[in-house]
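Per the UniProt record's numbering, the sequence shown starts with residue 1, numbered consecutively.
The beta carbon of each residue, even a glycine, is placed where N, CA and C say it ideally should be.
Predicted, not measured: the structure shown is a model, and the values here were computed from it.
Everything below concerns the one structure shown next.
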Amino acid sequence: MTYNTIFTAAQEAFLFYKNIPGKEKGAFLETLAEILEANRAVIVPLAVAESNLPEGRINGELGRTTGQIRLFANLVKEGSWVEATIDPADPDRLPLPKADIRRFLTPLGPVVVFGASNFPLAFSTAGGDTISALASGCPVIYKAHPAHPETSKKVADCIHEAILNSGLPAALFTHVEGGIAEGQALVKHPLAKAVAFTGSHLGGMALFNLASQRDEPIPVFAEMGSVNPIFAFSKKLENELVPLAKAFVGSLTLGVGQFCTNPGLIFVPKDQAKAFENAIAAELHDIASAPMLHPGIAQAYYDSIQYLESREELRWVKVADPKHLINGSTALAEIKAADWLRDSVFQKEVFGAFALIVVYKSEDELLEIAKKLHGQLTITVWAEKEELKNQLFLINLLEEKCGRLLFRGVPTGVEVGYAMQHGGPYPSTTAPNSTSVGSNAIKRFVRPIAFQDMPQDLLPDALRDGNPLGIWRMVNGEWQK
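Written as structure tokens, this is what we have:
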């Protein structure tokens with residue numbers, strides 16, 4: 001099957017699918033969730049074998065996958081997400097009559113989705129990008145990740161079964177395999193209307209540049225990782241040293257450090273640095289290395305560590321052991337804030353269980369750090385209430401540098417819900433006004449359209465008088481149902 005054939009069929013499916021009621025889209029998604037759960041006994045062993053991830057983690061990930069599918073099913077069945085807005089006509093207005101204008105969100109068209117290596121289910125074939133695109137009314141051309149091909153094929157079969165059972169066009173979802181050349185061809189196809197990607201900065205920017213160079217540029221929603229800094233204050237560390245060290249190590253080593261929200265950078269005051277390092281070292285003592293997703297990721301991890309080991313500014317608290325290359329051995333280094341500020345290479349993500357402790361001398365130095373910090377998915381602040389009172393300027397700076405600002409706990413564990421923001425300023429993503437997790441992910445794949453003086457019988461149901469869908473709408477500047 002050629003790409004022209006794939007996209008032409010997807011476009012035809014789009015023109016039908018975008019107009020079916022939200023309740024039918026929701027029923028299709030609910031059917032898919034049921035089929036995935038019915039195939040758990042086949043999907044989980046495949047994903048375990050291909051990813052080196054433990055069975056418990058994959059079972060949990062499948063639950064997250066079906067959970068987010070049901071979240072979007074409920075969203076589209078309820079229907080208010082389309083942001084229907086109505087300014088009724090006023091023919092008696094002077095000096096000129098007022099036209100009837102009605103606006104809502106409409107889907108873009110075929111979306112190209114790239115699977116992620118570190119989440120073979122939740123960010124892959126039936127993951128958040130695919131499901132939010134389908135929920136919005138867009139067909140998906142899915143580029144499978146080569147790290148878990150059999151898992152991807154099986155999940156694709158489940159999607160096609162759900163499509164068939166729901167009486168929808170088969171071209172609503174197409175599974176494509178291949179490498180870089182195939183991915184580039186998908187992005188360049190003139191019928192592609194958007195791209196979703198989770199992975200490296202190098203890969204995300206390559207797709208972004210490619211999409212920008214098209215005759216018709218299209219949006220690329222690339223989530224490209226983050227070092228997820230933690231800003232720690234003296235009183236907080238003094239009062240909760242061991243629990244915070246335990247939480248930090250647990251977050252750092254979760255999934256062998258292969259989460260986009262693992263904390264790879266922590267800023268610690270000079271007076272607490274030694275005690276915190278000792279507490280971390282004690283926690284790390286009993287944590288064994290474990291296999292990474294695949295040898296390529298492990299090699300990239302150790303290559304990055306090897307480069308950092310050549311830097312004189314770093315003092316190593318724990319050195320990585322590459323004896324078993326597939327295993328990700330935890331590594332930890334310390335650097336003075338003044339040295340960190342001089343070179344942006346110390347902000348670069350190392351995908352794996354590596355963290356850099358940055359020791360700062362004063363709050364003024366901390367402000368300079370915040371100003372120099374690159375865009376992040378998350379930033380965490382560990383401070384007591386009385387310490388926070390004097391940090392409003394710092395917090396204001398940090399708000400500009402991340403998509404999610406935490407004041408308790410650690411950044412790993414991204415809740416799938418209505419308020420979640422999983423995105424952030426560049427270089428963490430290419431689209432800081434979007435999220436790849438949570439209900440608002442649907443809005444990546446839509447655009448606003450307004451209808452002026454359109455006859456009632458031609459209007460979409462969301463915009464008709466009488467509100468036949470019973471959704472929340474803004475009418476004359478007031479929310480109504």
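The beta carbons of V187 and V176 sit no closer together than 7 Å. Taking C-beta separations shorter than 8 Å and ignoring five residues to either side along the sequence, the partners of L46 in its chain run H148, E150, T151, K154, following chain order. With 16 or more other Cβ atoms from the protein chains shown falling within 10 Å of its own Cβ, Q272 counts as buried. Here the region 248–263 makes contact with the region 347–363; the two share three or more CB pairs at distances below 8 Å. In the three-state reduction of the DSSP assignment, W479 falls in the strand class, which pools E and B. With fewer than 16 other Cβ atoms inside 10 Å of its own Cβ, W479 counts as exposed. Straight-line spacing of the CA atoms in T261 and V317 works out to 22 Å. When beta bridges are read from the DSSP output, Q452 appears opposite I101. Taking all protein chains in view, the Cβ of H324 is surrounded by fewer than 16 other Cβ atoms within 10 Å, so the residue is classified as exposed. Within the model, the alpha-carbon separation for E312 versus V48 is close to 40 Å. Membership of L32 in the alpha helix (DSSP H) is indicated by the continuous run 22–38. In the DSSP assignment, I218 falls outside any alpha helix (DSSP H), carrying neither H nor E. Comparing alpha-carbon positions, the option among N118, T106, Q184, S117 lying closest to I141 turns out to be Q184.
S436 places its beta carbon less than 7 Å from that of H422. The Cβ atoms of R408 and T378 lie no closer than 7 Å to each other.
Take F259, set aside five residues on each side of it, and the residues of its chain with a beta-carbon closer than 8 Å to its own are N118, T412, in chain order. Excluding the 5 residues flanking it on each side, P91 has same chain C-beta neighbours closer than 6 Å at P97, in chain order.
Looking at the backbone, the Cα of L469 and that of L458 are separated by about 15 Å.
Closest in alpha carbon position to R444, among D453, A370, P146, I218, is I218. Judged by DSSP secondary structure, R315 falls within the beta strand (DSSP E) whose first and last residues are 315–318. The Cβ atoms of A370 and L394 lie closer than 7 Å to each other.
The beta carbons of G22 and V111 sit no closer together than 7 Å.
In this model, I230 and V249 are separated by some 12 Å (Cα to Cα). Counting along the chain, Y418 sits inside no alpha helix (DSSP H), nor does DSSP assign it H or E at all. For the pair of segments examined, the region 201–219 was found not to touch the region 334–344: the number of CB pairs separated by less than 8 Å stays below three. Within a 10 Å sphere around the beta-carbon of F16 sit fewer than 16 other beta-carbons, which makes this residue exposed. Note that the C-beta distance between K361 and K236 is not below 7 Å. By the beta-carbon neighbour count (other beta carbons within 10 angstroms, threshold 16), I180 is exposed. Within the region 212–259, the complete beta strand (DSSP E) segments of 3 residues or longer fall at 220–223, 230–232, listed in chain order. For R404, the enclosing beta strand (DSSP E) stretches over residues 402–406. Around the CB of L71, 16 or more other CB atoms lie within 10 Å, so the residue is classed as buried. H189 sits in coil when the DSSP states are folded into three classes, being neither helix nor strand. Residue range 363–372 is occupied by the alpha helix (DSSP H) that includes K371.
When D157, G178, E182 are compared, the shortest CA-CA separation from A170 is found for D157. For K385, the uninterrupted alpha helix (DSSP H) run begins and ends at 385–388, by DSSP.
For E334, the enclosing beta strand (DSSP E) has its first and last residue at 331–336.
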